[in-house]
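Counting the sequence shown from 1 gives a position; my numbering is that position plus 2. Cβ coordinates follow ideal geometry from the N, Cα and C atoms, glycine included. Given the structure is predicted, the values throughout are model-derived calculations rather than measurements. What follows is a single structure, written as structure tokens, with notes after it.
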Amino acid sequence: MFEKVLVPTDFSMYSHKVLECVAAIPGLREVVLVNAIDAGNPMNMEKKGWSYSSLIDEAQGRLEEQADHLAHLGKQSIIVHPILKVIVEPMSGADGVNLQRPSASPHVEMIEGGSIAEAIEKTAAEQKISLIVMGAQGKGLVEGMLLGSVSTGVLRSGLTDLMLIRHKILEGPDAAYENFCRNMFSRVLVTTDFSDPAEEAISLAKELEGAGEIMLVHVVPKGKKIEEAAGKLNLLRETLETPHRKVTVHVLEGHPASEILALAKRGDASMIIMSSLGSGWLKQIRLGSTTFDVARRAEGPVMIVRPHKS
3 MFEKVLVPTD FSMYSHKVLE CVAAIPGLRE VVLVNAIDAG NPMNMEKKGW SYSSLIDEAQ
63 GRLEEQADHL AHLGKQSIIV HPILKVIVEP MSGADGVNLQ RPSASPHVEM IEGGSIAEAI
123 EKTAAEQKIS LIVMGAQGKG LVEGMLLGSV STGVLRSGLT DLMLIRHKIL EGPDAAYENF
183 CRNMFSRVLV TTDFSDPAEE AISLAKELEG AGEIMLVHVV PKGKKIEEAA GKLNLLRETL
243 ETPHRKVTVH VLEGHPASEI LALAKRGDAS MIIMSSLGSG WLKQIRLGST TFDVARRAEG
303 PVMIVRPHKS
């Protein structure tokens, strides 16, 4: 299903631990490991003595190191393609002299302007990626705003299916997060509002290897009847259930994002899977408000399925 994935890295300890979870993706064969440097940011350049070569050489070395580490993780053989993206803009060094732009090499691409999030999504399109996997450790000061700026950018504007990996276990001992990664797909919570985009999320969950339990969820506004929704969920349950997979249905009442997150915590869901859009979505909108709310507040992994039809 996800044979070729893209993994952005910033070389932090958190992103290094995320690689353990990437290696646990069933059926994975290829990984495009990407580091994007904003060389147009004077602060980044000043740290390296206003030298493009110093900035690039260090990033290349660390990228190769992580690529080698990832290639030897897990039981399955993984082909890893390290790619360095350098965002450049006309700028001057400390002495006011324009910096000479370095030439591209087989594993280094110069990008004229733009953001790191845009560079990630552009690479995903070029490489025909089926899934982007990235850590979602934010450093915001507002409680509940757990997404970092790059993760938020990819979530809001991307067109590729996205898995955001976040869990407090990733900040703990190695043995704990390795076990977490192995069981990441074991008990998934799948949301639906019975729209066409939501159907794609359900289809993905149906084909997901290692999903021993699926929690099917629909949230109705307060005061609305739940019988019709329960009937639809039970029909979906029949299409998903197998001798090796348990499927439960949950009709909840209230604020969609809050109810979904509460059930995920109550039911110890290993991952939330949901469509990026819901019913009544407009073509120019790439992310629904409920999906964004769940993604920014979830305490565990969230997979966002983009609409691929029409």
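>> Check whether the segment 21-40 and the segment 121-129 are in contact - that is, three or more C-beta pairs closer than 8 Å.
In response: yes
> Which stretch, first to last residue, makes up the alpha helix (DSSP H) that contains Ile-118?
Replying inline: 118-128
> Quick one: what does DSSP say Glu-230 is sitting in, helix, strand or coil?
Replying inline: helix
> Whose C-alpha, out of Glu-229, Leu-191, Pro-223, Gly-225, is nearest the C-alpha of Ile-216?
Replying inline: Closest by alpha carbon: Leu-191.
> Assuming Phe-187 and His-169 make a contact with CB atoms under 8 Å, what is their CB distance in whole Å?
Replying inline: So it is not a contact: roughly 14 Å between Cβ atoms.
>> Considering Cα atoms alone, identify which of Phe-13, Val-219, Ser-278 is closest to Val-253.
In response: Val-219
>> What does the alpha-carbon distance come out to for the pair Ile-122 and Tyr-54?
In response: 20 Å
> If you draw a straight line from the C-alpha of Ala-213 to the C-alpha of Leu-30, how long is it?
Replying inline: Between Ala-213 and Leu-30, the C-alpha separation is close to 16 Å.
>> According to DSSP, simplified to helix, strand and coil, what is Pro-199?
In response: helix
> DSSP on Ser-132, reduced to helix/strand/coil?
Replying inline: Three-state DSSP puts Ser-132 in coil, outside helix and strand.
> What first and last residue would you give for the beta strand (DSSP E) that runs through Lys-317?
Replying inline: One cannot answer for residue 317 here, as it falls past the ends of the chain, which runs 3 to 312.
> Would Ala-61 pass as a contact of Leu-21 if the rule is Cβ separation under 8 Å?
Replying inline: no
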